[in-house]
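Asks: Below you will find the structure I want to go over with you.
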Amino acid sequence: MTVEAHKESHGFQTEAKQLLHLMIHSLYSNKEIFLRELVSNASDAADKLRFEALSKPELLADDPDLRIRIEFDKDEGTLSITDNGIGMSREEVVENLGTIARSGTAAFMQQLTGDQKKDAHLIGQFGVGFYSAFIVADKVEVFTRRAGLGAEQGVHWECHGEAEYTVETVEWPNRGTRVVLHLKDDAKEFADGWRLRSIIKKYSDHIAIPVEMPKESTGEGDDKAEQTPEFEAVNAAQALWTRPRSEIKSEEYKEFYKHVTHDFDDPLTWSHNRVEGKLDYTSLLYIPGRAPFDLYQREAARGLKLYVQRTFIMDDAEQFLPLYLRFVKGVLDSNDLPLNVSREILQKDRNTEAIKSALTKRVLDMLDKLAKKDVDQYQKFWDLFGNVMKEGPAEDYANRDKIAKLLRFSTTHTDEPVQNQSLEDYVGRMKDGQKYIYYVCADNFATAKSSPYLEVFRKKGIEVLLLTDHVDEWFVGHMHEFDGKPFQDVAKGALDLGDAETEEDKAEREKLEKEAGALVERVKAVLEGRVEEVRATTRLVDSPACLVVSEQDMGPQMRRILEQAGQKLPEAKPIFELNPNHPLVQRLDREQDEDRFADLTNILMDQASLAAGNQLSDPADYVRRLNALLLELNR
């Protein structure tokens, strides 16, 4: 059967044109990275063919030895990268090479900062590494045929940079893909054998299949036109994770990470382990040095690159790590799983659960080691992934204590909005007789730091955690305690200072409550329907009043999150606490005009609500009352 050759021209979408312009003119500061990206793509194509050949061995039958070949022609100024991997059909060529937006171009463009160095890492992350070819080439051609299709179903894709591209059905004798780069004048350095070999050794030595180049000719007078090139491997051609750790240099680990993830930054740390016994597997796990753009999309692709007996099975095998460790990248190679393993089988397999448990502990131990060995690197990790780690105590009860030791917080002990204090640090600084780990939730560091709920704690020198991430209230709701010390929200329930409250404190509190009894009743009458309770308090020092959440109610931060998610919540009225020692409250107590008393009370109530970070239900009413008061003072 023959397929009629037909050639079509296509125009790139606007966003794709912007991306190509960026790639061509401004993005890369290190041009040679293009070769790593193209070799990495060729390696992925070989992995995919191996996987498909598990169920269709005929796909490999005529050419079983997988390889990547790199050739160049100095006279023509061309460079080609050829693989005998899975290849592409015409439809796949259009989908993979013609529609860049499928890789998230819109999101890619939104992420760009204009800083060449910062933007470079996004290329691989968004799956557009192929287009790095245009940094060194003004024309790129792709010849490809998908494994299993006939020679007459080959495809030729051609593009001149930012212009349109063409797709044509052609005869192509071999399965796999050949990418031909027509080098720019300022990139002819890449049509050089020594230069190419050095780049391959630097970036692709760990590729598990041979990366071959023609042997360098040493004879004189050879007839180049009649000579068939003899190829030789220029990389180690051994999967890096199969080699002993003692033989692998740090730079090799870093380059392998970049190959696996298509990231452009070094990882923060890694752990390479071989396990033998009841289970037999090798893992190489990395902590990235940069957060992915979809970190907070819990449904996004995640997981490890899975191999079974050195055979690639799947990308993004999410079954081997819990969701809160979704940022971890790397490779798992198991001898205890069947070659035809699927995602469904993994979900039910006992060995999968055992490996997941072991790898989870491995990652937590790796992070603990990093925290102790390199505080600055661990702080970088926390700034990137701390919010995700806080999901851990709710998802992984078995490792809750390990996770808790890795968490970092801002506290009243710190002056800058940086989360760098551990729970162990906090417990070590607790006052004699202090029973609780105190915390306050707020929308940001400044609001938390100036919260009126902290006043009595500052007076007594008691440290308080400043929780400003959306996940925090949910986290403490599942963490409950650390090192035997329960967590206590300073804005919830009655003030409990434990043994830090002296007998003098208790006597003063009882005296204030008794003396303020009549005032409390008057205020309660004014605020009826708006509050659950009114009471005198000693938790305030500089503020006249505050709003407290009932012990059984949800905190305002969590309520806002759930309401934004569209959930209907039962109405919860706050507790209004007055500071009888404050001049404004004492002035309120002396007020005889009941209308003015009501205005002053409502103003204090609204101010307390604002100080708690809430929005007023009727801002215009608050402004009216306040303006009336200001006018009265002006008379």
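For the sequence shown, my numbering begins at 355 and goes up steadily by one. Built from N, CA and C at the ideal position, the CB exists for glycine as well.
#1: Work out the CA separation of residue 652 and residue 645 for me, nearest whole Å.
#2: In the DSSP assignment, what residue or residues form a beta bridge with residue 363?
#3: How do the stretch 850-858 and the stretch 894-910 stand: do at least 3 beta-carbon pairs fall below 8 Å, yes or no?
#4: So, under 8 Å CB-CB, residue 431 and residue 542 are touching, yes? Tell me the CB distance rounded to an integer number of Å.
#5: So, under 8 Å CB-CB, residue 636 and residue 719 are touching, yes? Tell me the CB distance rounded to an integer number of Å.
#6: Nearest to residue 665 by alpha carbon, out of 951, 404, 947, 968?
#7: Measure the C-alpha to C-alpha separation of residue 538 and residue 362 and round it to an integer number of angstroms.
#8: Less than 8 Å separating the beta-carbons of residue 499 and residue 446?
#9: My understanding is that residue 689 touches residue 663, with C-beta atoms under 8 Å, so please give their C-beta distance in whole angstroms.
#10: Relative to the C-alpha of residue 960, which candidate in 780, 949, 977 has its C-alpha closest?
#11: Here's a check: name, in chain order, each residue in its chain whose Cβ is nearer than 6 Å to the Cβ of residue 680, leaving out the five neighbours to either side.
#12: In the stretch 748-819, which residue ranges form an unbroken alpha helix (DSSP H) of at least 4 residues, counting only runs that do not cross its ends?
#13: Check whether the stretch 791-807 touches the stretch 815-831, taking contact to mean three or more Cβ pairs, one atom from each stretch, closer than 8 Å.
#14: Let me confirm a value: residue 355 is counted as buried when at least 16 other C-beta atoms fall within 10 Å, else exposed. Which label applies?
#15: Using only the alpha-carbon positions, how far apart do residue 921 and residue 913 sit?
#16: Alpha carbon to alpha carbon, how far is residue 696 from residue 629? Give it in angstroms, no decimals.
#17: Which same chain residues end up closer than 6 Å to residue 512 when comparing Cβ atoms and leaving out the 5 residues on each side of it in sequence?
#18: In whole angstroms, give me the CA-to-CA distance for residue 798 and residue 775.
#19: Where does the unbroken alpha helix (DSSP H) through residue 944 begin, and where does it stop?
#20: Given a cut-off of 8 Å on the beta-carbon distance, is the pair residue 938 and residue 958 in contact?
#21: From what residue to what residue does the alpha helix (DSSP H) around residue 493 run?
#22: Report the CB separation of residue 643 from residue 675 in whole angstroms; it is logged as a contact under 8 Å.
#23: Tell me whether residue 391 is buried or exposed, calling it buried when 16 or more other Cβ atoms sit within 10 Å of its Cβ.
#24: Is it right to say residue 736 is buried, meaning 16 or more other beta carbons lie within 10 angstroms of its own, or is it exposed?
#25: State the DSSP-derived secondary structure class of residue 737, mapped to helix, strand or coil.
#26: Go through its chain and collect everything with a Cβ distance to residue 991's Cβ below 8 Å, but skip five positions before and after it.
#27: Judging by CA-CA distance, which residue of 587, 449, 401, 433 is the nearest neighbour of residue 534?
#28: Return the Cβ separation of residue 890 and residue 932 in integer angstroms, given the expectation that the two are a contact with Cβ distance under 8 Å.
#29: Given a cut-off of 8 Å on the beta-carbon distance, is the pair residue 693 and residue 414 in contact?
#30: Let's see if you can read the secondary structure: which residues bound the beta strand (DSSP E) around residue 426?
#31: Can you give me the C-alpha to C-alpha distance between residue 478 and residue 502, rounded to a whole angstrom?
#32: Measure the C-alpha to C-alpha separation of residue 874 and residue 934 and round it to an integer number of angstroms.
#33: To test your reading of the DSSP string, which unbroken alpha helix (DSSP H) runs of 4 or more residues are found completely within the stretch 588-643?
#34: Measuring CB to CB, does residue 753 end up less than 8 Å from residue 715?
#35: Out of curiosity, what's the CA-to-CA distance linking residue 444 and residue 426?
#36: Cutting at 8 Å between CB atoms, please list the residues of its own chain near residue 584, excluding the five before and the five after it.
Replies: Considering the structure as presented:
#1: 14 Å
#2: 520
#3: no
#4: 6 Å
#5: Contact doesn't hold; Cβ gap of about 17 Å is too wide.
#6: 404
#7: 26 Å
#8: no
#9: 6 Å
#10: 977
#11: 656
#12: 754-760, 777-782, 799-803, 809-814
#13: yes
#14: In this prediction, residue 355 has a pLDDT of 38, which is less than 50 and means its spatial position is unreliable; what the coordinates show is noted afterwards. Looking at its Cβ environment, which holds fewer than 16 other Cβ atoms inside 10 Å, residue 355 is exposed.
#15: 9 Å
#16: 22 Å
#17: 495, 520
#18: 17 Å
#19: 937-944
#20: yes
#21: Where residue 493 is concerned, there is no enclosing alpha helix (DSSP H), although the beta strand (DSSP E) it sits in stretches over 491-499.
#22: Not a contact, Cβ separation roughly 18 Å.
#23: buried
#24: buried
#25: helix
#26: Absent from the model: residue 991. The displayed extent of the chain is 355 to 989, so no value can be given.
#27: 433
#28: 6 Å
#29: no
#30: 422-427
#31: Note that residue 478 has pLDDT 48, beneath the 50 cutoff, so the model's placement of it is unreliable and the number below is only indicative. So the alpha carbons of these two residues sit roughly 29 Å apart.
#32: 10 Å
#33: 604-615
#34: yes
#35: 26 Å
#36: 568, 569
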